[in-house]
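Protein chains in written order, with our numbering: chain A, 39 to 271; chain B, 39 to 271. No residue lacks a Cβ here, since even glycine has one placed at the ideal position from N, Cα and C. Report on the following structure.
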């Protein structure tokens, strides 16, 4: 095992044993290096990896805000990894979309009415005016879909779903340019969002799942992803 | 943007544009540092992150085998990230198991009969003797379930499913100690694997999905994960 991996393992053990919890600060680089008998370079490399994994945020400067803090941003980290693997062409975009449909229809069927996440989804929907430009609309769209996923109460599904959106963010942003009539598409997406939310609030999980699947597939088809074979699942 | 992130972005662009493909070698650290006008330390940090993401394997020494090679191991990388997030307690193990059930029952319903992955699953099953010790049995178990997932033809679902197993590998290993009668459990798991494969080969995807769900939930319940509420999906 290389020295930066020793540091990683030590820190992971600190997490597992509860010595280092969310919001806590890692010991200073110099302290860690001395304690583990490794170079500061190795400590720095381990911290860079933990940053990329969404487990810590590296601090700068000095004072109360300085130091490396333990955070929990799994979706961003998994999203970066997926994006890299899409770039090396081993994870086709069509598979990403199909997985979105799978996770999101599952979550829609299990979204808990009355949960704070669902209230948040309704609040986001109110702000999704069809007059918004594609970028602003899509940012709210991501939040809306994440809130629906969260309402199902499975943190892993929510993180994975978030990572899928994150991984194709640039790609999806480019897709809006393919749409012949953005305001019409935005208006349709808005109506569909309302229908999905109504199905969940009406305790019809099966219908909510179907609507979400059709909503996601419909969008990518319209934007010309060219999913062969039509339906994704 | 910090300098190691500049290096990361440059390499990701090389992937996207096809300048760097699977199996290719990254330029030497010194060359990259000079070309991008950054320190070798920053280049090294970026490479460490790419390694952790399962996108490159860092080489050592000199000669034809030296250098940093582009690889594609998304499951291992996502698994490490999930494991870290489980350690910081933000991804409950029960949610991991529920997500396994979701992904694997979906894949079982869509596994293609006659696909190479399914042939491989049958070959692994032949080697899963109930007389194996838990560790050897579980290693084949992971391969068997991965082959089933692969037979559905979605690389993202396969990678995510692999990452879930990877993330709870140590945890799951510990669970076998809770079983009162390992040979009996192993024999039952073996029978269930055969039934799942038979359902797929008999073109009964719905039954295969149900069997996989019951198989996974049954195991974790028996091993005392204590999934509240009984059924997972």
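Query: CA-to-CA distance, residue 198 of chain B to residue 62 of chain B, given in whole angstroms; Result: 25 Å
Query: Under 7 Å by beta carbon: chain B residues contacting residue 144 of chain A; Result: 140
Query: Closer than 8 Å to chain B by CB, residue 93 of chain A; Result: yes
Query: Cβ-based neighbour list, residue 269 of chain A, same chain, cut-off 7 Å, excluding 5 preceding and 5 following; Result: The predicted model places residue 269 of chain A with a pLDDT of 34, which falls under 50 and marks its position as unreliable, so this point remains unresolved.
Query: Alpha helix (DSSP H) segment containing residue 196 of chain B, residue limits; Result: 193-205
Query: One or two residues paired with residue 63 of chain B in a DSSP bridge; Result: B:107
Query: C-beta contact flag for residue 261 of chain A and residue 213 of chain A at 8 Å; Result: yes
Query: Cross-chain neighbours of residue 213 of chain A in chain B, by beta carbon under 7 Å; Result: Here the premise fails: no neighbours, minimum Cβ distance about 16 Å.
Query: Closest by C-alpha distance to residue 118 of chain B, when choosing among B:208, B:258 and B:55; Result: B:208
Query: Proximal residues of chain D, C-beta to C-beta of residue 87 of chain A below 7 Å; Result: The displayed structure is made up of protein chains A and B, and chain D is not among them.
Query: Backbone CA spacing between residue 49 of chain B and residue 249 of chain A [nearest angstrom]; Result: 39 Å
Query: Beta carbon proximity, residue 254 of chain B to chain A, threshold 8 Å; Result: no
Query: Nearest candidate by alpha-carbon position, reference residue 153 of chain A, set A:76, A:239 and A:40; Result: A:239
Query: Cross-chain neighbours of residue 44 of chain B in chain A, by beta carbon under 9 Å; Result: Residues of chain A passing the Cβ test: none, with the nearest at roughly 13 Å.
Query: Nearest-angstrom Cα separation, counted from residue 46 of chain B out to residue 68 of chain B; Result: 15 Å
Query: Bridge partner(s) assigned by DSSP for residue 94 of chain A; Result: A:108
Query: Residue from A:96, A:111 and A:60 whose Cα sits closest to the Cα of residue 105 of chain A; Result: A:96
Query: Contact under 8 Å by Cβ, residue 175 of chain B with residue 210 of chain B; Result: no
Query: Residue 130 of chain A in three-state terms, based on DSSP; Result: coil
Query: The segment 142-156 of chain A in contact with the segment 119-131 of chain A per 3-pair CB rule at 8 Å; Result: no
Query: Cut-off 6 Å between Cβ atoms - residues of its own chain near residue 41 of chain A, not counting five sequence neighbours on either side; Result: 76 and 80
Query: Same chain, Cβ closer than 6 Å to residue 111 of chain B, neighbours up to 5 away in sequence not counted; Result: 92
Query: Span of the alpha helix (DSSP H), counted from its first residue to its last, around residue 47 of chain A; Result: 41-54
Query: Proximity below 8 Å, CB of residue 134 of chain A to CB of residue 202 of chain A; Result: yes
Query: Burial state of residue 166 of chain B (16 or more Cβ within 10 Å); Result: buried
Query: Beta-carbon contacts of residue 162 of chain A that lie in its chain and below 8 Å, excluding the five residues immediately before and after; Result: 178, 181, 182 and 185
Query: Three-way DSSP call (helix, strand, coil) for residue 211 of chain A in this model; Result: helix
Query: Top-ranked residue by Cα proximity to residue 137 of chain A, from A:85, A:120 and A:242; Result: A:120
Query: Residue 268 of chain B, DSSP secondary structure in three states; Result: The pLDDT assigned to residue 268 of chain B is 36, lower than 50, so where the model puts this residue is not dependable; a value taken from the coordinates is nonetheless given after this. DSSP places residue 268 of chain B in coil when its eight states are reduced to three.
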